[in-house]
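There are 2 protein chains.
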Amino acid sequence: MNFAHVAIIGLGLQGGSIGLAVQEFLPGTRVSGYDLDPAHRARAAERGLAHVVHDSAEDAVREADLVIFCVPPGVMGDAARAVRPALRPDALISDVGSCKGSIARALGEALPDHFVIPAHPVAGTEHSGPDAGFAHLFRNRWCIITPPEQTDLLKLSALVEFWEALGANVEHMNAEHHDLVLAVTSHLPHLIAYTIVGTASDLENVTQSEVIKYSAGGFRDFTRIAASDPTMWRDVFLNNKDAVLEMLGRFTEDLTALQRSIRMGDGEALFGHFARTRAIRRSIIEEGQDDSRPDFGRGDHEGIVPAA
Amino acid sequence: MNFAHVAIIGLGLQGGSIGLAVQEFLPGTRVSGYDLDPAHRARAAERGLAHVVHDSAEDAVREADLVIFCVPPGVMGDAARAVRPALRPDALISDVGSCKGSIARALGEALPDHFVIPAHPVAGTEHSGPDAGFAHLFRNRWCIITPPEQTDLLKLSALVEFWEALGANVEHMNAEHHDLVLAVTSHLPHLIAYTIVGTASDLENVTQSEVIKYSAGGFRDFTRIAASDPTMWRDVFLNNKDAVLEMLGRFTEDLTALQRSIRMGDGEALFGHFARTRAIRRSIIEEGQDDSRPDFGRGDHEGIVPAA
Numbered sequence: 001m002n003f004a005h006v007a008i009i010g011l012g013l014q015g016g017s018i019g020l021a022v023q024e025f026l027p028g029t030r031v032s033g034y035d036l037d038p039a040h041r042a043r044a045a046e047r048g049l050a051h052v053v054h055d056s057a058e059d060a061v062r063e064a065d066l067v068i069f070c071v072p073p074g075v076m077g078d079a080a081r082a083v084r085p086a087l088r089p090d091a092l093i094s095d096v097g098s099c100k101g102s103i104a105r106a107l108g109e110a111l112p113d114h115f116v117i118p119a120h121p122v123a124g125t126e127h128s129g130p131d132a133g134f135a136h137l138f139r140n141r142w143c144i145i146t147p148p149e150q151t152d153l154l155k156l157s158a159l160v161e162f163w164e165a166l167g168a169n170v171e172h173m174n175a176e177h178h179d180l181v182l183a184v185t186s187h188l189p190h191l192i193a194y195t196i197v198g199t200a201s202d203l204e205n206v207t208q209s210e211v212i213k214y215s216a217g218g219f220r221d222f223t224r225i226a227a228s229d230p231t232m233w234r235d236v237f238l239n240n241k242d243a244v245l246e247m248l249g250r251f252t253e254d255l256t257a258l259q260r261s262i263r264m265g266d267g268e269a270l271f272g273h274f275a276r277t278r279a280i281r282r283s284i285i286e287e288g289q290d291d292s293r294p295d296f297g298r299g300d301h302e303g304i305v306p307a308a
Numbered sequence: 001m002n003f004a005h006v007a008i009i010g011l012g013l014q015g016g017s018i019g020l021a022v023q024e025f026l027p028g029t030r031v032s033g034y035d036l037d038p039a040h041r042a043r044a045a046e047r048g049l050a051h052v053v054h055d056s057a058e059d060a061v062r063e064a065d066l067v068i069f070c071v072p073p074g075v076m077g078d079a080a081r082a083v084r085p086a087l088r089p090d091a092l093i094s095d096v097g098s099c100k101g102s103i104a105r106a107l108g109e110a111l112p113d114h115f116v117i118p119a120h121p122v123a124g125t126e127h128s129g130p131d132a133g134f135a136h137l138f139r140n141r142w143c144i145i146t147p148p149e150q151t152d153l154l155k156l157s158a159l160v161e162f163w164e165a166l167g168a169n170v171e172h173m174n175a176e177h178h179d180l181v182l183a184v185t186s187h188l189p190h191l192i193a194y195t196i197v198g199t200a201s202d203l204e205n206v207t208q209s210e211v212i213k214y215s216a217g218g219f220r221d222f223t224r225i226a227a228s229d230p231t232m233w234r235d236v237f238l239n240n241k242d243a244v245l246e247m248l249g250r251f252t253e254d255l256t257a258l259q260r261s262i263r264m265g266d267g268e269a270l271f272g273h274f275a276r277t278r279a280i281r282r283s284i285i286e287e288g289q290d291d292s293r294p295d296f297g298r299g300d301h302e303g304i305v306p307a308a
């Protein structure tokens, strides 16, 4: 089976990208969309993020055999309850949220009569809102699907094919393991980036304009991810609390050990730690999850010979 | 005055970039180079990082009126002592190191009869070695010069003009303040990136291949700066210990406060923190210190309309 009509609730970076990608890669599929914010709806219609952008969430889902909630984790349940009366009984319910355990529970409680198969495309940029989406966001990125133990296998395989059509590679895991993996690959990095950007802007002996001016020394890389949508990230930390706190505990232990090495002047320990982290970078580039161009190709690098 | 002959000791990312930039932007100036590693010398000669790559450091500096040490902070003194007998008495001594207090002391002690004016171009990539340099590394980047109180003003202004010719914007500050500013904009970000990459690779409940696979969720941004040269970074932390420990203490306090907000479920505190960090990102882009393209232009973003 293929989905004939996809409804997208929430037309930000993820929802808008899905809408554009469906129109580009699944031309036979209909897309309808809705966003709670009237200004976002207007802009989404202007950009053509869906074939039709509706002024009511119920109208958006009425014909759909796949409904994807692309709203912050904390309002998934509310968004689902709002469309419940208009849903087709056979509509598959999915989402794109970054924490799967709590979202699976929220959607399941809001729509007890529907099949819910949560999904998480591990793709994004620091931008958000209806201007941020683009059709190729998911290309060569992983989409993690966390099906419940009892599910409709036909619908599951249709969802896999849907994401593959949008360019993603699909992986399955259970929600609990997903939340642990994402705590370390996404949630902890964001928390740390938000922290250091805050620390840097609160100093009294270094001015904010100095921090901005000399950010090319490394700090600017943290500001990119600390520019992500604050509402979504608040909800991620509240909804994946246990895994984030566990990873944060480990990080703090490791940081304390490096702090002691600096204080003691233990160059050997520092070198040993710094040398082993290079191999991971190499693997990430080999697997196509980042760009090997120095500095991600910022600015001009004419004539550069890439490092071996 | 202009420099007629620049000698570069250490032909890695910084030294190689200076050599290429001089040849491109100061065609009347002679460049000689030396690197301790014979393989690096051979590769530097192949890439033409200098007009002549010498097999002896003394030969490299013999004619030079500007000698720039581009070696890790911990070996600046040794590198300077090695060339002392061959230096012209009027040669200006400079460097490109990331911590200025300890380097100024090391160079001053090694070469007590020469004028030493330390400099730090705040520019780089995650690559190192003789293949990493490129002529445009310094374009639109800041170069911080930390002149001692007693200095030769003619030589100082020649050094400023030299860096401006290579494309940099020059700023002056004292060494102590430089080390504090860089501790927050560069050293602390690197320490944190090295830490989290280490934490992620030591987990027993999430595999390293999962960390690599799902790194697009934020983690990959940290791996870039954690791929920087381990020798140089060991030396930076050992040579800017006090400022780094101070900044690290503030960071840990702030992280502990956010950890408590997560544990308590205090969404308002989290949102408040996350919302204020966006403004800094915007300023960094406005001042040309980073690229506004989402994700730094990784991959294809056809048809994207940048977010407002």
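Residue numbers (the UniProt record's numbering), protein chains in the order written: chain A, 1 to 308; chain B, 1 to 308. For each residue, glycine too, the CB sits at the ideal point set by N, CA and C.
Of the choices B:32, B:11, B:58, whose alpha-carbon is the least far from that of residue 38 of chain B?
Walking along the second sequence from the start, residue 38 of chain B turns up at place 38. With distances taken between Cα atoms, residue 38 of chain B lies closest to B:11.
Assuming residue 41 of chain B and residue 64 of chain B make a contact with CB atoms under 8 Å, what is their CB distance in whole Å?
Mapped onto the second sequence, residue 41 of chain B falls at position 41. Mapped onto the second sequence, residue 64 of chain B falls at position 64. No, residue 41 of chain B and residue 64 of chain B are not in contact; Cβ-Cβ is about 17 Å, not under 8 Å.
Leaving out the 5 sequence neighbours to the left and right, which residues in its chain are closer than 7 Å to residue 261 of chain A when beta-carbon positions are compared?
On the first sequence, residue 261 of chain A is found 261 positions in, with the first residue counted as 1. So the list reads 269, 270, once near-sequence residues are dropped.
Is DSSP giving residue 205 of chain B helix, strand or coil here?
Here residue 205 of chain B refers to the residue found at position 205 when the second sequence is read from its first residue. Looking at residue 205 of chain B - three-state DSSP - the assignment turns out to be coil, as it is neither helix nor strand.
Hey, does residue 41 of chain A have any beta-carbon neighbour from chain B nearer than 8 Å?
Here residue 41 of chain A refers to the residue found at position 41 when the first sequence is read from its first residue. It does not: the Cβ of residue 41 of chain A has no partner Cβ on chain B nearer than 8 Å.
Taking Cβ positions, are residue 73 of chain A and residue 93 of chain A nearer each other than 8 Å?
The residue you call residue 73 of chain A lines up with position 73 of the first sequence. The residue you call residue 93 of chain A lines up with position 93 of the first sequence. No. Outside cutoff.
Quick one: what does DSSP say residue 136 of chain A is sitting in, helix, strand or coil?
Within the first sequence, numbered from 1, the residue matching residue 136 of chain A stands at position 136. In this structure, residue 136 of chain A counts as coil in the three-state DSSP scheme.
Report yes if the CB atom of residue 200 of chain A is closer than 8 Å to the CB atom of residue 184 of chain B, and no otherwise.
Working through the first sequence from its first residue, we reach residue 200 of chain A at position 200. Working through the second sequence from its first residue, we reach residue 184 of chain B at position 184. Yes, the pair counts as a contact, with Cβ atoms nearer than the cut-off.
With DSSP as the reference, label residue 59 of chain B as helix, strand or coil.
Position 59 of the second sequence holds residue 59 of chain B. The answer is helix: DSSP assigns residue 59 of chain B an H, G or I state.
Please decide whether residue 205 of chain A counts as near chain B, where near means a Cβ-Cβ distance under 8 Å.
Locating residue 205 of chain A in the first sequence gives position 205, counting from the first residue. Closer than 8 Å to some Cβ of chain B, the Cβ of residue 205 of chain A qualifies, so yes.
Skipping 5 residues on each side, what residues in its chain have a beta carbon closer than 6 Å to that of residue 147 of chain B?
Here residue 147 of chain B is taken as the residue at index 147 of the second sequence, counted from 1. Counting only Cβ-Cβ distances below 6 Å, and skipping sequence neighbours, we find 117, 156.
Alpha carbon to alpha carbon, how far is residue 47 of chain B from residue 306 of chain A? Give it in angstroms, no decimals.
Translated into the one-based positions of the first sequence, residue 306 of chain A becomes position 306. Translated into the one-based positions of the second sequence, residue 47 of chain B becomes position 47. Because the pLDDT of residue 306 of chain A is 33, which lies under 50, any placement of that residue in the model is unreliable, and the question is left without a value.
How about residue 186 of chain A and residue 219 of chain B: do their beta carbons lie closer than 8 Å?
Working through the first sequence from its first residue, we reach residue 186 of chain A at position 186. Working through the second sequence from its first residue, we reach residue 219 of chain B at position 219. A contact, by the Cβ cut-off of 8 Å.
Between which two residues does the beta strand (DSSP E) holding residue 171 of chain A run?
Taking the first sequence and counting its residues from 1, the one referred to as residue 171 of chain A is at position 171. That run of the beta strand (DSSP E) goes 169-172.
With a cut-off of 8 Å, do at least 3 Cβ pairs link the stretch 134-144 of chain B to the stretch 15-29 of chain B?
In short, these stretches touch, since the Cβ pair count reaches three.
If the cut-off is 7 Å on Cβ atoms, which residues from the stretch 246-261 of chain A count as contacting chain B, listed in chain order?
248, 250, 251, 254, 255, 258, 259
Where does residue 200 of chain A sit, in a helix, a strand or coil, going by DSSP?
Indexing the first sequence from 1 puts residue 200 of chain A at position 200. Residue state, collapsed to three classes: helix.
Just how far apart, CA to CA, sit residue 145 of chain B and residue 22 of chain B?
By 1-based counting over the second sequence, the position of residue 145 of chain B is 145. By 1-based counting over the second sequence, the position of residue 22 of chain B is 22. Going from the Cα of residue 145 of chain B to the Cα of residue 22 of chain B covers about 18 Å.
So is residue 4 of chain B buried or exposed if we call it buried at 16+ other beta carbons inside 10 Å?
The residue you call residue 4 of chain B lines up with position 4 of the second sequence. Exposed: under 16 other Cβ atoms inside 10 Å.
Rounded to whole angstroms, what's the CA-CA distance from residue 312 of chain A to residue 216 of chain A? Just pull it up for me.
This structure cannot settle anything about residue 312 of chain A, because the visible part of chain A is limited to 1 through 308.
Report the rounded CA-to-CA distance for residue 28 of chain A versus residue 114 of chain A, giving the unit in angstroms.
Start at 1 with the first residue of the first sequence, and residue 28 of chain A comes out as number 28. Start at 1 with the first residue of the first sequence, and residue 114 of chain A comes out as number 114. Using only the alpha carbons, I get a separation of about 25 Å.
Assign residue 282 of chain B to one of two classes, buried (16 or more other C-beta atoms within 10 Å of its C-beta) or exposed (fewer than that).
If you number the second sequence from 1, residue 282 of chain B lands on position 282. By the neighbour-count rule (16 or more Cβ atoms within 10 Å), residue 282 of chain B is not buried but exposed.
Mind pulling the beta strand (DSSP E) runs of 3 or more residues that sit fully within the stretch 56-140 of chain A?
Taking only runs of at least 3 residues, the beta strand (DSSP E) segments lying wholly in the stretch 56-140 of chain A are 66-69, 92-95, 119-121.
Only counting the same chain, and skipping five residues up and downstream in sequence, which positions put a Cβ closer than 6 Å to that of residue 235 of chain B?
As a working note, residue 235 of chain B is residue 235 in the second sequence. The beta carbon of residue 235 of chain B sits closer than 6 Å to those of 72, 73, 74, all from its chain and outside the five residues before and after it, given in chain order.
Can you list the residues of chain B that residue 8 of chain A reaches, using a CB-CB cut of under 9 Å?
Residue 8 of chain A sits at position 8 when you count from the first residue of the first sequence. Listed along chain B, no residue sits closer than 9 Å to residue 8 of chain A by beta-carbon distance, the nearest being about 18 Å off.
Relative to the C-alpha of residue 190 of chain B, which residue among B:237, B:204, B:66 is closest?
Position 190 of the second sequence, counted from the first residue, corresponds to residue 190 of chain B. Looking at the Cα atoms, B:237 is the closest of the given residues.
Decide if residue 126 of chain B is buried, meaning its Cβ has at least 16 other Cβ atoms within 10 Å, or exposed.
As a working mapping, residue 126 of chain B is identified with position 126 in the second sequence. Looking at its Cβ environment, which holds 16 or more other Cβ atoms inside 10 Å, residue 126 of chain B is buried.
Quick one, which residues of the stretch 173-192 of chain A are near chain B if we go by CB-CB under 7 Å, in chain order?
The stretch 173-192 of chain A vs chain B, Cβ under 7 Å: 180, 181, 182, 184, 185, 186, 188, 189, 190, 191, 192.
Using DSSP bridges, identify the partner residues of residue 5 of chain A.
Position 5 of the first sequence, counting from 1, holds the residue named residue 5 of chain A. Bridge partners of residue 5 of chain A: A:30.
Where residue 273 of chain A and residue 198 of chain B are concerned, what is the direct C-alpha to C-alpha distance, given to the nearest angstrom?
Stepping through the first sequence from its first residue, residue 273 of chain A is reached at position 273. Stepping through the second sequence from its first residue, residue 198 of chain B is reached at position 198. Roughly 7 Å between the two C-alpha positions.
Taking Cβ positions, are residue 110 of chain B and residue 96 of chain B nearer each other than 8 Å?
Position 110 of the second sequence, counting from 1, holds the residue named residue 110 of chain B. Position 96 of the second sequence, counting from 1, holds the residue named residue 96 of chain B. Cβ atoms of residue 110 of chain B and residue 96 of chain B: not closer than 8 Å.
Could you check the C-alpha separation between residue 366 of chain A and residue 44 of chain A for me, to the nearest Å?
Only positions 1 to 308 of chain A appear in the structure, and residue 366 of chain A is not among them; the question remains open.
Would residue 249 of chain B be called buried (16 or more neighbouring beta carbons within 10 Å of its own) or exposed?
What you label residue 249 of chain B is simply residue 249 of the second sequence in a count that begins at 1. That one is exposed.
Please list, in chain order, the chain B residues whose beta carbon lies closer than 7 Å to that of residue 273 of chain A.
Here residue 273 of chain A is taken as the residue at index 273 of the first sequence, counted from 1. What residue 273 of chain A touches in chain B: 194, 198.
Which two residues bound the contiguous alpha helix (DSSP H) that contains residue 184 of chain B?
Residue mapping note: residue 184 of chain B aligns to position 184 of the second sequence, counting from 1. Looking at the DSSP string, residue 184 of chain B is not in any alpha helix (DSSP H), and its letter there is neither H nor E.
So is residue 244 of chain B in contact with chain A if we call contact Cβ pairs under 8 Å?
Walking along the second sequence from the start, residue 244 of chain B turns up at place 244. So, interface residue.
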